[in-house]
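Residue numbers (my numbering), protein chains in the order written: chain C, 1 to 369; chain L, 1001 to 1369. Here a beta-carbon is modelled for each residue, glycine too, at the ideal position from N, C-alpha and C.
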DNA sequence: CTGATACATTGAAACTGTTCCATCTGTTCC
DNA sequence: GGAACAGATGGAACAGTTTCAATGTATCAG
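Written as structure tokens, this is what we have:
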């Protein structure tokens, strides 16, 4: 195994300087630090795996950007619960990190994690930080991305939940019920998951020769306020939809609440398909039809794989993990036939019957038989 | 500062044996390990504070028992979010631990945390594990309990939220509206928080000379199912209450949902006061009147105090933290006057008018004027 | 009972990484 | 021009962990 003395001789400095460089102490010449970094990389140095100082048994739940608040009904808290369960088998501990908070100038993510004696990482990446996973994949530090996916050749390990197919099925379910004006409320962050759901929505429309109406597609904040605001806006518009697909649980909760507030009956006046990461769909009234992914399971499997891999470095079967689970579509009480008579509902709750031309006749009544 | 050599000479063993003992390696004679533990305690040894190996900058969120799942709408996830925000000032990291999982036979909690190089802990204790905080308080390891309280003389640091006064005010609010048959759905775990809320309920009844009716007090699981089940049971009983106070958010959510399901109008048929740790009360319909504590703030303040204390060991002002914040009572849309005519609502939703003798005449109609 | 074997226990020594302290160097300020 | 200072560095001391060999003890076949 490599050690600081090897790095020192390779970089032509003392071991004290190596230690200072690797730990980002002040008063090290940037050029020297750079040389040390390169030497450390060339000998494959890792503090976490160092034999004499005790192998680390801590894995990180690392956020490529800021730590995302483990929010109510949210993906993060369910996933963390799964991770905490998943590390028990091998008795690893979990440390929650924000990668950018402590990153020193010129330091790589792998070195930051090594400095913190992290043996492996479960990584959460976002639209603008996908590259972090690719950087980490090239290093000796085992890591796995949760809820995003990469090319098989990228070398990035991941476990995600494919939601495009069930998003298509969800919209198809609405179409089968007779809906034609189907709106989409999609999270404004364009990560893989939400792009999948948008694609699934578009797939279903295309397959049924329903033209995509851009006025029915809205990027919203994944929060109750986002969902509620979209309901208000859509239902007061001159030509409201008869169904909406929300791609995240919090927006769905807010939408259902606003419907109750405005007296919009679900599903009699408006059908709603939501998205669920855990059990949220069963806690609303009515229980909402949802594309469901199991965030707890994703966290559990990521943590179990990572800790098994760390415990058995030689096991070839554990070298890579590139898995896409499937979501499932659960039909509950918020989807039904479109209304016979279309109503606008103004923000104050007054209902305005939408007359002739704005309705799409044939469809609504015929398909709903 | 003390080191393994001091311990070795004190215990009459080699430093290798000290190291093995402190790290719970197998093949150490239990009697020897015991001697080493005692010697380590007598010289006040701490690995996390050891100068030459670098002071640890990791604090633990330690659960005295199992890690509690950071659940939907729950206290844990909001608190964790606060902790993660609170450590940023001093750039500490957070490790989530279950104290009992890795505790070796004969090992103290302080030594376990030291073995994991934890500089300080934020502790979650429960009814049967309050003693863990007292054990830790006697050691050199800084710790703070969140959401429970101890005697000032115990030496245990804590930050909690006092909910008895606002629980009393919440029930008083119901009484002021004219309610007399007020039920209580309290979490079956008898931690300080829930005992407070139960006491507040009893305080209000006593002050208003309303006899405590044990059939109206139920210990339930703090879950939507618990809340829903209680609504079904209470409302189908021969003499239903006109108001219920639920002492946790998830039970409140479930109760509101069941009311919508059974056609129980809130607050026209039944008033509900709930409890909220974050923003849940605003995500239901109707928004529920609640005793509100800010779990995120508790986590934030605990983490900020702990990390400041670790960064400034000499600062006398940071030596102890024994703080009780106040909850607040937020009146929303689920509390109103009691109904003029009392109805039982059977589990299938049928309504049965409750006639004469079972009503408490004078009260319901007179007070509601 | 005896000898062989296995295993638990232990200490000395080797080893890894961190920090203290002295030194050297270049810069700034009178 | 020299004193004062700060940045950068290496040697040495140090803290803690693990390897390896030695020792003692239990077990078991004959």
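Across the structure, residue 1041(L) and residue 1110(L) are spaced so that their CA atoms are roughly 10 Å apart. Around the beta carbon of residue 240(C), 16 or more other beta carbons sit within 10 angstroms, so the residue counts as buried.
The Cβ atoms of residue 1154(L) and residue 1196(L) lie no closer than 8 Å to each other.
For residue 186(C), the nearest beta carbon of chain L is not closer than 8 Å to its own beta carbon. The DSSP-derived three-state label of residue 194(C) is helix.
In terms of CA proximity to residue 234(C), 214(C) leads the group 214(C), 250(C) and 308(C).
In the structure shown, residue 172(C) falls within a helical segment according to DSSP collapsed to helix, strand and coil. Within the same chain, and ignoring the five residues on either side of residue 1203(L) in sequence, the residues whose Cβ sits closer than 6 Å to its Cβ are 1168.
Contact annotation, residue 1086(L) with residue 1307(L): C-beta distance approximately 7 Å; criterion of less than 8 Å satisfied. The Cβ neighbour count for residue 257(C), taken over all protein chains shown within 10 Å, is at least 16; the residue is labelled buried. For residue 1120(L), no Cβ of chain C is located within less than 8 Å of the residue's own Cβ. Rounded to whole angstroms, residue 1186(L) and residue 58(C) show a C-alpha spacing of 38 Å. The Cβ neighbour count for residue 143(C), taken over all protein chains shown within 10 Å, is at least 16; the residue is labelled buried. Contact between the segment 245 to 252 of chain C and the segment 276 to 286 of chain C is present, with at least three C-beta pairs closer than 8 Å. In the structure shown, residue 1114(L) falls within a helical segment according to DSSP collapsed to helix, strand and coil. In this structure, the beta-carbon distance from residue 1060(L) to residue 1097(L) falls below 8 Å. Cβ-Cβ distances below 6 Å link residue 78(C) to 277, 278, 295 and 296 in the same chain, with the five nearest sequence neighbours on each side left out; the list follows chain order. Look at residue 1178(L) here: in three-state DSSP terms it is coil, with no helix or strand label. By the 16-neighbour rule on beta-carbons within 10 angstroms, residue 1331(L) is exposed. For residue 135(C), the uninterrupted alpha helix (DSSP H) segment begins and ends at 130 to 137. Rounded to the nearest angstrom, the Cβ distance from residue 1132(L) to residue 1099(L) is 7 Å, consistent with a contact under 8 Å. The Cβ-Cβ distance between residue 1255(L) and residue 1244(L) falls below 8 Å. When C-beta distances to chain L are compared with 9 Å, the residues of the segment 278 to 312 of chain C below that value are 278, 279, 280, 282, 283, 284, 285, 286, 287 and 296, in chain order.
Neighbours of residue 1253(L) in chain C, taken as residues whose beta carbon is under 9 Å from its own, are 283 and 284 in chain order. Between residue 1184(L) and residue 1334(L), the alpha-carbon positions lie close to 15 Å from each other. In chain order, 133, 134, 137, 145 and 150 place their CB closer than 7 Å to the CB of residue 156(C), counting only its own chain and leaving out the 5 sequence neighbours on each side.
Interface annotation, residue 58(C): in contact with chain L, CB-CB separation under 8 Å. Within the DSSP bridge table, the entry for residue 1188(L) names no partner. Look at residue 274(C) here: in three-state DSSP terms it is strand.
Contact annotation, residue 232(C) with residue 347(C): C-beta distance approximately 5 Å; criterion of less than 8 Å satisfied. Per the C-alpha coordinates, the member of 1220(L), 1175(L), 1020(L) and 1292(L) positioned closest to residue 1036(L) is 1020(L). No residue range can be given for residue 1068(L), since it is assigned to no alpha helix (DSSP H) and is classified by DSSP as neither H nor E.
Pairwise C-beta distances place the segment 1157 to 1165 of chain L in contact with the segment 1314 to 1324 of chain L, as three or more of them are shorter than 8 Å.
For a cut-off of 8 Å, the C-beta gap from residue 1298(L) to residue 1309(L) is around 17 Å, too long to register as a contact. The shortest CA-to-CA distance from residue 1170(L) to any of 1199(L), 1354(L), 1102(L) and 1192(L) is the one to 1199(L). One thing to note: residue 1126(L) has its Cβ no nearer than 8 Å to the Cβ of residue 1082(L).
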